[in-house]
Amino acid sequence: GAVVSQHPSWVICKSGTSVKIECRSLDFQATTMFWYRQFPKQSLMLMATSNEGSKATYEQGVEKDKFLINHASLTLSTLTVTSAHPEDSSFYICSARVGPLAVSNEQFFGPGTRLTVL
Amino acid sequence: EDKVVQSPLSLVVHEGDTVTLNCSYEVTNFRSLLWYKQEKKAPTFLFMLTSSGIEKKSGRLSSILDKKELFSILNITATQTGDSAIYLCAVDNAGNMLTFGGGTRLMVKP
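Which chain is which? The protein sequence lines are U and E, in order. Reminder that position 45 of the first sequence reads as 435 in the working numbering, one-by-one numbering, no gaps. Reminder that position 13 of the second sequence reads as 159 in the working numbering, one-by-one numbering, no gaps.
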């Protein structure tokens, strides 16, 4: 099946610093990637939809200036948490959609990145 | 606003029991319903359901969708400790986004 990787898998940083998380589709081209956030004992919440070559679409309540998303190529999307604070500590998961939208709507998930802000 | 509700929130059973997990939804422009299993990391895909009444099976797991009543169930028979996980239901709308339910935390005791 399609493989999605994330890097890093785990990061600890100081409050006020910025953290970049990469999401790569390894064996397919992903025109659309999604970023989710998951707090402990909660479900996944969609943060934004990232389309290659265009600006990301953010969900209500997600600050686009704080969570910068760049989808520069068909295999790479990055999420940068700017000026991270302890409340940003969470599990960040990306997913990528395989194939033309008319053929397949399955999303494949990366392994996630656990961010801890001290 | 799209909504996906799962029940129960949490379930504890013993090995060998059969469990049924529920997922109801209210979504505009429904496209498909998906079930995922989440252990320590990101969710892993179980089933995608698009048509009512057609059961999908994979080993001891099966799932069915009712588009008239807007719900789906996930059955696990002869449960094993390795089935312990959070089971997530998500609905894909025509906007190509997934809306997740809150999940059901299943614990299978030996």
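In this text, a Cβ means the ideal position worked out from N, Cα and C, and glycines have one as well. All values derive from a computational prediction rather than experimental measurement.
U:G451 has a beta carbon lying at 7 Å or more from every beta carbon in chain E. Considering only beta carbons, no part of the region 403-416 of chain U lies closer than 8 Å to chain E. By the neighbour-count definition (other C-beta atoms within 10 Å, threshold 16), U:F429 is an exposed residue. Between the alpha carbons of E:M243 and U:V471 lies a distance of about 22 Å. U:A446: not part of any beta strand (DSSP E); DSSP gives it neither H nor E. Chain E places a beta carbon closer than 7 Å to that of U:I483, counting this residue as a contact.
A check of alpha carbon separations from U:F499 across U:T506, U:C484, U:L508, U:V507 identifies U:C484 as the nearest.
Counted as a single uninterrupted DSSP element, the beta strand (DSSP E) harbouring U:H397 occupies residues 394-397.
Positions of the alpha helix (DSSP H) runs, each at least 4 residues long and wholly inside the region 188-223 of chain E, cannot be given because no such run exists.
Among the residues facing chain E, U:L434 is included, as its CB has a counterpart in that chain under 7 Å away.
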